[in-house]
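Notes to accompany the following structure.
Number of protein chains: 2
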Amino acid sequence: MDSANRSVYFSFFNEIGIIEQLGRAMFEARLKGGVTLPHFSVLNHLVRVKDGRTPLELARAFQVPKTSMTNTLAGLELRGLVETRPNAADKRSKLVWLTPAGRSFRDDAIKLLDGEVGQLADQYPPEKIAVLVPALAEIRVILDTMREGK
Amino acid sequence: MDSANRSVYFSFFNEIGIIEQLGRAMFEARLKGGVTLPHFSVLNHLVRVKDGRTPLELARAFQVPKTSMTNTLAGLELRGLVETRPNAADKRSKLVWLTPAGRSFRDDAIKLLDGEVGQLADQYPPEKIAVLVPALAEIRVILDTMREGK
DNA sequence: ACTATGTTGTACGAAGTCGAACCAATAGGA
DNA sequence: TCCTATTGGTTCGACTTCGTACAACATAGT
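Pasting the structure below:
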């Protein structure tokens, strides 16, 4: 492959990196009380999928080391957004449950983010985003399979 | 906007986040001597655009606070990959130049990454990536102008 | 020339990430 | 049963990011 073809991949990852950073900053600006994107992501996951998960399950779901998940969950528990209870089925582990405060925090956050999303949607409509998402998902799958030394 | 339209934007940022993480891990696995993606990005930028830039110009190019760029440049200078000289035109600032070691480190890294890029290119061709990049750049610009009430 | 204001880079500290080492509990033999 | 390997989770330490505060220098207006 020649250099011109190759460089387009570098540009791609460069844009991805900048959008990730700007998107994260935008999200976190709307989240009150020092709640970060990882915090919100976990809350959202617990609502959408189901709570009563172990920390390790969550770590795997987000492709993140378990030590990072320990830290994220500690932040959520400190803020009273989740609580942990012992796992009767395996006494080494524990289960993470949403509190009512955690559930409503997530719902409120979604409403607040709606403003930002609307502003973006005014300039880049959902139809055009909807074209991008499957392409990105395809690339994500390719990268993920490459990661497992194939 | 209804919930179905809104969720497309959440999916978008979700894919972006995962690709950023996988891409970063892939890149850094190939970079020797504790050189990180920010380090490489700056080296690459200095080669492609031109060296003799100020730290602040670099910080703006990567949408990163200048304190972060100070740290990244310190790492590069520590490894002998760049050197800084005083800026005669503005004595407050300094100019960042590639060393021969920096140039060859970047060239070697490109060769090492070529395998990964080629593997990705086999499954997702440059023509399709080339379509994505301008779309992402457009979104990046929109997000940038939305930031902190501009 | 003088003063006010803006800009460049750094030092420092708070917060987040993650690998290594560790402990407790479990599972799988022998 | 006992011994060993494995697994879930935390602690600790090194590292990165980035906001605040600051010093040095630059520039515009008077």
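Those sequence lines, one after another, are chains G and U.
Mapping of the first sequence onto my numbering: residues 11 to 160, in sequence order.
Mapping of the second sequence onto my numbering: residues 11 to 160, in sequence order.
Quick reminder that beta carbons are idealized off the backbone N, C-alpha and C, glycines included.
* To do: Taking C-beta pairs closer than 7 Å, name the residues in chain G that U/Glu1 reaches, listed in chain order.
  => Chain U is shown only over 11 to 160; residue 1 of chain U falls outside these bounds and no answer can be derived.
* Through-space distance from G/Ile152 to G/Ser21, alpha-carbon basis -> Taking C-alpha positions only, G/Ser21 is separated from G/Ile152 by approximately 18 Å.
* So, is the C-beta of G/Asp118 closer than 8 Å to a C-beta in chain U? -> Chain U, which has no Cβ nearer than 8 Å to the Cβ of G/Asp118, makes this no.
* **Contacts that G/Asn15 makes with chain U (C-beta to C-beta distance below 7 Å)** => Ordered by position in chain U, the residues that pass the 7 Å Cβ test against G/Asn15 are Pro136.
* Asked: Taking all protein chains shown into account, do 16 or more other C-beta atoms lie within 10 angstroms of the C-beta of G/Pro96, making it buried, or fewer, making it exposed?
  -> Around the C-beta of G/Pro96, fewer than 16 other C-beta atoms lie within 10 Å, and the residue is accordingly described as exposed.
* Measure from the C-beta of U/Asn81 to each C-beta in chain G and report whether the shortest distance is under 8 Å. => The beta carbon of U/Asn81 sits no closer than 8 Å to any beta carbon of chain G.
* Under three-state DSSP, which class holds G/Thr109? -> Three-state DSSP puts G/Thr109 in coil, outside helix and strand.
* Assigned exposure category for G/Glu137 - 16 Cβ within 10 Å defines buried -> Residue burial annotation: G/Glu137 is exposed, with fewer than 16 other C-beta atoms found within 10 angstroms of its C-beta.
* Asked: Do we get a CB-CB distance below 8 Å when we pair U/Arg150 with the residues of chain G?
  -> Cβ-Cβ to chain G under 8 Å: yes for U/Arg150.
* the region 109-123 of chain G in contact with the region 67-80 of chain G per 3-pair CB rule at 8 Å -> Touching, no.
* Asked: If you measure beta-carbon to beta-carbon, which residues of the region 95-106 of chain U are closer than 7 Å to chain G?
  -> Listed by position, the residues of the region 95-106 of chain U near chain G (Cβ gap below 7 Å) amount to none.
* To do: Have a look at U/Val106, U/Pro75, U/Pro65, U/Ala98 and flag the residue whose alpha-carbon is nearest the alpha-carbon of U/Gly90.
  => Nearest to U/Gly90 by alpha-carbon distance, out of U/Val106, U/Pro75, U/Pro65, U/Ala98, is U/Val106.
* Pull up the CB-CB distance for U/Tyr134 and G/Glu30, whole angstroms please, since I reckon it's below 8 Å. => Actually they are not in contact, since the Cβ atoms of U/Tyr134 and G/Glu30 sit about 19 Å apart, beyond 8 Å.
* **Beta carbon proximity, U/Ala69 to chain G, threshold 8 Å** => No, because no Cβ of chain G sits closer than 8 Å to the Cβ of U/Ala69.
* Asked: By Cβ distance, which residues of its chain are closer than 6 Å to U/Phe37, with the 5 residues on each side in sequence left out?
  -> Residues of the same chain with a CB within less than 6 Å of the CB of U/Phe37, apart from the 5 flanking positions on each side, are Leu47 in chain order.
* Flag G/Phe50 as yes if its beta-carbon sits less than 8 Å from any beta-carbon of chain U, otherwise no. => Contact of G/Phe50 with chain U is not assigned, every C-beta pair being separated by 8 Å or more.
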